[in-house]
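Engineer: Encoded as structure tokens, here's the structure I'll be asking about.
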Amino acid sequence: MMYQKNKKGTTPFKSINQREKFDVTFEQRYRAMLSDAERMERIELVSARLSEKYGSYEAAKLFVDYLRATDEIFARAQDEDWTVELTEQKMIEGEILLMSRHSGIDEQVFYKIYDDFQALDDSARKVQIAAKLLIEKYEEKCFEECIQFINYIKDYLLIFSEAISNHLTLDETKEKIIKMRMRVLAENSDTPVHILESIYREFDELLRQSM
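According to this note's numbering, the sequence shown is numbered sequentially starting from 294.
As structure tokens, this is what we get:
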């Protein structure tokens with residue numbers, strides 16, 4: 294991997310400050326009143342509402358689905374006190390599931406790419422080289438989605454490595470991941486970045502209201 298860790302992957306996210314601790318404690322107390330199924334149902338309802346509202350933009354619908362999946366993963370990371378390494382792994386596995394669903398490409402294709410990336414990558418300074426080598430390997434024999442996936446893995450590894458080196462909190466890491474996806478979607482679609490920013494704000498506001 295890009296950063297030093299033991300086999301169990303025990304790097305924690307940065308400890309929250311007192312203000313953040315109060316907010317998280319309040320939310321956790323409320324979440325304790327809800328089952329996991331109820332929490333996920335709320336996320337699904339908010340996602341469905343925004344997908345309908347912004348349905349004229351294909352990238353917007355993809356972004357809403359991405360927000361849903363990311364929120365579910367980070368909610369579990371907080372509730373179950375996941376390490377940085379485990380959260381990174383779950384985000385990449387979630388990306389594989391989303392890309393397979395949206396493209397129709399078998400999940401095993403993406404898992405093979407991920408395995409190849411792990412075999413090449415062992416430090417932060419080498420991640421760009423590893424991504425370039427894999428793009429050269431797959432660009433002629435795989436779909437465009439494979440190249441997108443390689444770039445997504447690169448971005449995830451860089452962000453989670455930063456979470457460790459700069460001692461980011463869970464929320465700070467999540468924010469960077471979502472902004473990364475907004476940038477990529479805005480660059481590769483006809484959806485303006487301000488639309489994606491509005492979706493992100495509404496998603497967060499509606500989810501808080503539903504709680």
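Virtual Cβ for every residue (Gly too), placed ideally from N, Cα, C.
Which residue's Cα is closest to the Cα of Gln421: Ala412, Ala368, Gly348, Lys447?
Structural biologist: The residue with the shortest Cα to Cα distance from Gln421 is Lys447.
Engineer: Do you know offhand how far Ser340's Cα is from Ser458's?
Structural biologist: Approximately 33 Å, taken between the alpha carbons.
Engineer: Please classify Ala424 as buried or exposed, where buried requires at least 16 neighbouring CB atoms within 10 angstroms.
Structural biologist: Under this definition Ala424 is a buried residue.
Engineer: Please report the residue range of the alpha helix (DSSP H) in which His395 lies.
Structural biologist: Here the alpha helix (DSSP H) through His395 covers 377-396.
Engineer: For Ser454, report the span of its alpha helix (DSSP H) as first-last.
Structural biologist: Per DSSP, Ser454 belongs to the alpha helix (DSSP H) from 437-458.
Engineer: What's the C-alpha gap between Ile514 and Gln411?
Structural biologist: The structure shown does not extend to residue 514, since the chain is modelled only from 294 to 504, so the question has no answer here.
Engineer: Measure the C-alpha to C-alpha separation of Ala368 and Pro305 and round it to an integer number of angstroms.
Structural biologist: Straight-line Cα distance between these residues: approximately 15 Å.
Engineer: Since I believe Ala352 is in contact with Leu478 (beta carbons under 8 Å), could you give me their beta-carbon distance rounded to a whole number of angstroms?
Structural biologist: Yes, they are in contact, since the Cβ atoms of Leu478 and Ala352 sit about 5 Å apart, within 8 Å.
Engineer: If you follow the alpha helix (DSSP H) that Glu468 is in, where does it begin and where does it stop?
Structural biologist: Taken as a continuous stretch (DSSP letters only), the alpha helix (DSSP H) holding Glu468 covers 463-480.
Engineer: Just list the alpha helix (DSSP H) runs in the stretch 328-362, keeping only unbroken ones of 4 residues or longer that don't cross its boundaries, in chain order.
Structural biologist: Within the stretch 328-362, the complete alpha helix (DSSP H) runs of at least 4 residues are 329-346.
Engineer: If I measure Cβ to Cβ from Glu381 and keep anything under 7 Å in the same chain, skipping five residues before and after, which residues do I get?
Structural biologist: These residues qualify, in order along the chain: Tyr449, Phe453.
Engineer: Just verifying my parser: in three-state terms, what is the DSSP assignment at Asp409?
Structural biologist: Looking at Asp409 - three-state DSSP - the assignment turns out to be helix.
Engineer: Starting from Tyr429 and walking both ways along the alpha helix (DSSP H), at which residues does that stretch end?
Structural biologist: Residue 429 is actually Glu in this sequence, not Tyr. Element bounds for Glu429: 420-431.
Engineer: Going by alpha carbons, who is nearest to Pro441 out of Arg335, Ile385, Ile492, Glu455?
Structural biologist: The amino acid occupying residue 441 in the given sequence is Gln; Pro does not appear at that position. Comparing Cα positions, the closest option is Ile385.
Engineer: Can you confirm whether the stretch 486-493 touches the stretch 390-402 when touching is taken to mean that 3 or more C-beta pairs between the two stretches lie within less than 8 Å?
Structural biologist: The stretch 390-402, when compared against the stretch 486-493, does not touch it at the 8 Å Cβ threshold.
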